[in-house]
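J.: Below you will find the structure I want to go over with you.
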Amino acid sequence: MRLADSLWTEWTIALRFLLDNRMQSLLIIFGIAVGSAVIVFITALITGLQANVVERTLGTQAHIRILPPDEVNRTLPVDDGSWSLVLESPRAQRLRSIINWQDVRDVLDQDSQILAVSPVISGPAIARRGVARASVALLGIDPQRYQRIIPLSRDLIAGQLVVGAGNAVIGKELARDLGLGIGDKLRLDAGEGRETVVDIAGIFELGVRELDARYVYLDLKQAQTLLDLPGGVTVIDTTVAEIFEADQVATRLARLTGLRAESWMETNGQLLNALSSQSMTTEMIRVFVGISVAFGISSVLAVSVVQRTREIGILRAMGSPRGQILRVFLLQGGLLGLLGSACGGGVGWGLVQVFNIAGPRLFDIPVDPTLVPLAMLIATITGVLAAAMPARRAARYDPAVAIRYV
Amino acid sequence: MSDLATNANEVLRLDQVRKVFNPGTPLETQVLHGIDLRLCRGELTALIGPSGSGKSTLLNLIGLLDAPSSGELYLLGQATRDSDDETRTHLRNQAIGFVFQFHHLISAFSVLENVLMPLMIRHGKPSSADIELARGLLDEVGLSQFADKKPTQISGGQQQRVAIARALVTRPPLLLADEPTGNLDSRTAQSVFELFHRINAQFGCAVLVVTHDPRLAADCERTIQLVDGHIVSDEARTSTL
Chain A
-4 MRLADSLWTE WTIALRFLLD NRMQSLLIIF GIAVGSAVIV FITALITGLQ ANVVERTLGT
56 QAHIRILPPD EVNRTLPVDD GSWSLVLESP RAQRLRSIIN WQDVRDVLDQ DSQILAVSPV
116 ISGPAIARRG VARASVALLG IDPQRYQRII PLSRDLIAGQ LVVGAGNAVI GKELARDLGL
176 GIGDKLRLDA GEGRETVVDI AGIFELGVRE LDARYVYLDL KQAQTLLDLP GGVTVIDTTV
236 AEIFEADQVA TRLARLTGLR AESWMETNGQ LLNALSSQSM TTEMIRVFVG ISVAFGISSV
296 LAVSVVQRTR EIGILRAMGS PRGQILRVFL LQGGLLGLLG SACGGGVGWG LVQVFNIAGP
356 RLFDIPVDPT LVPLAMLIAT ITGVLAAAMP ARRAARYDPA VAIRYV
Chain B
11 MSDLATNANE VLRLDQVRKV FNPGTPLETQ VLHGIDLRLC RGELTALIGP SGSGKSTLLN
71 LIGLLDAPSS GELYLLGQAT RDSDDETRTH LRNQAIGFVF QFHHLISAFS VLENVLMPLM
131 IRHGKPSSAD IELARGLLDE VGLSQFADKK PTQISGGQQQ RVAIARALVT RPPLLLADEP
191 TGNLDSRTAQ SVFELFHRIN AQFGCAVLVV THDPRLAADC ERTIQLVDGH IVSDEARTST
251 L
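Sequences listed follow chains A and B, in order.
Residue numbering for the first sequence follows the working numbering, beginning at -4 and increasing consecutively.
Residue numbering for the second sequence follows the working numbering, beginning at 11 and increasing consecutively.
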């Protein structure tokens, strides 16, 4: 209660001092606002951009792919004291199923870090229509589970997402190359005499040319028959809650299952590199803008302390403790930071909206609702810290000297 | 506290107070040489002396803005020489009212808020009783109609009267004034001085006024003359007012 009462006085004096030097206060608030606007805008822009890039990359692939281990040659152990010369040619990796994949799937389903699990069988085939041929990748999926990894129905441009019972869903490029439309028939040849004819039920466009030209979605059973792996799946796709922890989760899953686990971070190393250097650049811009704002606040308050030397002296003479003088100036720093960043945060937010409406419209920047309040909090703390030096100086004035200051 | 009991009226006592600046350096200067002084409630005392005689230094010591190099200063019977800044600050707020030559009102606050400032420093937001008291004091100094004006909107003499009202708002037993009429014209100076007499009579506090105006000093019940850091005369007389 006493502290609250006492703070009322500090608060009142701080506010009056700022209002009394209106021009000075407005100028520094403007400066802080510009700085905060830059920080808010650039943070929203880069966060939005990165989220967009990651989403586009991960929109067409699983976060972690569980694969059967590679087949390796086994060499017989050699007796002690004897030598063996081995001439080894690496083995061709034939298409093969994950052993006991149902158990693996059930285990993954229970894992708290994994959001979705989708067993897939995939293998190569030739698609034929009349005399036209195209090499394709067959993907046998369980549509319900697969949709949770790659929301395929969102990317459909014609027909429906129906696989099974002789239906297939193909990409836009393949449909164009082979002149296919909904309801047309397509012959799939997986080699060694395994052939089938499917109806085109849907056409998708993932936006990645390679995938749109090669993917042919079937149901699990039909793909298993074509690829001669009855009951088998070749890969289990998963998504994780924390995408940037995918590599750690992958390592854990590899140990857990004894299978190979490949995270998207491993297969997109360059992208990650680019993202982290971008983040670092943004961080540096933010830090330097923050520092210059802090120096601005500090110098304005330093001037104010000198201007108010006599008033500080009289306050001290009337019995104002050093701590009270200190708090008056710390509060001014905090207030300047808060007011400046409130204006700047609003402007930054507005800039993002302008960018979204009138900009190049390559992507939409969502503004995290905590961004502006967080920027204001940080600016307020920065203001208080920046005020520390002038405030200490004010608090240390010898009242007898300060009163006679001219 | 036994001192206070034996001298119920004593507000301030200086006992062999010396002040040395820059001790132990080539610039060492002794400004006050063993000052003994007592101020009692209801006394209006003028402190006169040529410039450089140590008046301001003495006033700073009495006002607890500075500490003596040796000797002891008792305020309301309490020894203060070795007390820390916090205690001295608290004592200033509780027991002393200051009036300075250059008014020193705080320009960011209204006249009424300036008068309330010592109470705001003491306990935060002023109560309605505080505001009542402050308005009463403004009325006392004849400025109630300027309560909501800024200090820059009133004249020098009026500002000085506001400063006096401010010094009185805590009902201090000791009121110190440093050349309160120093930059006022003689007519205004006279009226400010009359105000000191009135509040001295009315509030019963000890008032110590530093002045270089002999006519004003002559109006006081007691005149202390300081020359080169020594009290050369201390005369009491019946006030002419």
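Ideal placement from N, C-alpha and C gives every residue a C-beta, glycine not left out.
Short of 6 Å in beta carbon distance, which residues of its chain neighbour residue 161/B, apart from the five on each side in sequence? Order them along the chain.
T.: Counting only Cβ-Cβ distances below 6 Å, and skipping sequence neighbours, we find 115, 117 and 169.
J.: Using the C-alpha atoms, what's the distance from residue 134/B back to residue 3/A?
T.: Rounded to the nearest angstrom, the two C-alpha atoms are 6 Å apart.
J.: What runs of the alpha helix (DSSP H), each 4 residues or longer, lie entirely inside the segment 15 to 100 of chain B?
T.: Fully enclosed alpha helix (DSSP H) runs of 4 or longer: 65 to 72.
J.: Contact check, residue 171/B vs residue 152/B under 8 Å by CB: the rounded distance?
T.: Confirmed, Cβ separation roughly 7 Å.
J.: Assign residue 16/B to buried or exposed, taking buried as 16 or more other Cβ atoms, counted over all protein chains shown, within 10 Å of its Cβ.
T.: Reliability of the predicted coordinates at residue 16/B is poor, the pLDDT of 48 falling under 50, and no value is obtained from them.
J.: Would you check if the segment 230 to 244 of chain B and the segment 32 to 48 of chain B touch, i.e. whether three or more CB-CB distances between them fall below 8 Å?
T.: Counting Cβ pairs under 8 Å, three or more are found: they touch.
J.: Scan the segment 233 to 249 of chain B for residues whose Cβ lies nearer than 9 Å to a Cβ of chain A and list them as they occur along the chain.
T.: Within the segment 233 to 249 of chain B, no residue qualifies.
J.: For residue 139/A, name the three-state secondary structure that DSSP assigns.
T.: Correct three-state label for residue 139/A: helix.
J.: Mind listing which residues of the segment 323 to 351 of chain A have their C-beta closer than 9 Å to chain B's C-betas, in chain order?
T.: Within the segment 323 to 351 of chain A, no residue has a Cβ that lies closer than 9 Å to any Cβ of chain B.
J.: Tell me, please, whether the CB atom of residue 118/B is closer than 8 Å to any CB atom in chain A?
T.: Yes, residue 118/B lies at the interface with chain A (some Cβ there is under 8 Å from its Cβ).
J.: Please tell me whether residue 308/A and residue 368/A are closer than 8 Å, where the distance is taken between their beta carbons.
T.: Not a contact, by the Cβ cut-off of 8 Å.
J.: Can you name, in chain order, every residue of its own chain whose Cβ lies under 7 Å from the Cβ of residue 341/A, other than the five neighbours on each side?
T.: Same-chain partners within the cutoff: there are none.
J.: Mind listing the chain B neighbours of residue 387/A? Cutoff is C-beta to C-beta under 8 Å, in chain order.
T.: The contacting residues do not exist; residue 387/A stays about 14 Å from chain B at best.
J.: Can the beta-carbon of residue 231/B be found less than 8 Å from the beta-carbon of residue 53/B?
T.: Yes, these two residues count as a Cβ contact at 8 Å.
J.: The segment 247 to 266 of chain A: which residues have C-beta closer than 9 Å to a C-beta of chain B, in chain order?
T.: The residues in question: there are none.
J.: What are the residues in the segment 76 to 100 of chain B lying within 8 Å of chain A by C-beta distance?
T.: Result list: 76, 95, 96, 99 and 100.
J.: Check this for me: beta carbons of residue 246/B and residue 220/B, under 8 Å apart or not?
T.: No, they are not a contact pair.
J.: Going along chain A, which residues have a C-beta under 7 Å from residue 206/B?
T.: Result: empty, since nearest Cβ-Cβ is about 19 Å, beyond 7 Å.
J.: For a contact defined as C-beta to C-beta under 9 Å, what are the partners of residue 135/B on chain D?
T.: Checking the listed chains, one finds no chain D in this structure; the protein chains it contains are A and B.
J.: Got a sec: which bits of the segment 19 to 35 of chain A sit with their beta carbon under 7 Å from any beta carbon on chain B, in order along the chain?
T.: So nothing in the stretch comes that close.
J.: Near residue 386/A, what residues of its chain come up, given a Cβ to Cβ distance below 6 Å and the 5 sequence neighbours on each side ignored?
T.: Excluding sequence neighbours, residue 386/A sits near 321, 324 and 325.
J.: When we look at the beta-carbon of residue 371/A and count the other beta-carbons within 10 Å, is it buried (16 or more) or exposed?
T.: By the neighbour-count rule (16 or more Cβ atoms within 10 Å), residue 371/A is buried.
J.: Whose Cβ in chain A lies nearer than 7 Å to the Cβ of residue 70/B?
T.: Near residue 70/B (Cβ distances below 7 Å), the residues of chain A are 395.
J.: Measure how close the beta-carbons of residue 196/A and residue 154/A come, nearest whole angstrom, since I'm counting them as under 8 Å.
T.: Correct: roughly 5 Å between the Cβ atoms.
J.: Could you compute how far the alpha carbon of residue 65/A sits from the alpha carbon of residue 280/A?
T.: The alpha-carbon atoms of residue 65/A and residue 280/A are separated by roughly 46 Å.
J.: Going by DSSP, name the residue or residues bridged to residue 210/A.
T.: Residue 210/A is bridged to 132/A.
J.: Output the residue ranges of the alpha helix (DSSP H) runs that lie fully inside the segment 194 to 240 of chain A and measure 4 residues or longer, sorted by chain position.
T.: Here the runs fully enclosed are 204 to 209 and 215 to 221.
J.: Examine the Cβ distances between the segment 28 to 41 of chain A and the segment 330 to 338 of chain A and report whether three or more of them are shorter than 8 Å.
T.: In short, these stretches touch, since the Cβ pair count reaches three.
J.: Does the separation of the CB atoms of residue 199/B and residue 178/B fall below 8 Å?
T.: No.
J.: Which term fits residue 21/A, buried or exposed, when burial requires 16 or more other beta carbons within 10 angstroms of its beta carbon?
T.: Result: exposed.
J.: At which residues does the beta strand (DSSP E) containing residue 167/A begin and terminate?
T.: Looking at the DSSP string, residue 167/A is not in any beta strand (DSSP E); the run it does join, the alpha helix (DSSP H), is 167 to 173.
J.: Give, in chain order, every residue of the segment 287 to 315 of chain A whose Cβ lies closer than 8 Å to some Cβ of chain B.
T.: Those residues of the segment 287 to 315 of chain A that come within reach of chain B (Cβ to Cβ, closer than 8 Å) are 305, 306, 308, 309, 310, 311, 312, 313, 314 and 315.
J.: Pick helix, strand or coil for residue 162/A, following the three-state DSSP scheme.
T.: Three-state result, residue 162/A: strand.
J.: Please name the residue, chosen from 268/A, 334/A and 360/A, that lies closest to residue 346/A on a Cα-to-Cα basis.
T.: Minimum Cα distance to residue 346/A is reached at 360/A.
J.: Alpha carbon to alpha carbon, what distance is there between residue 68/B and residue 138/B?
T.: Spanning the two alpha carbons is a distance of roughly 37 Å.
J.: DSSP state of residue 207/B, grouped into three classes?
T.: Helix, per DSSP.
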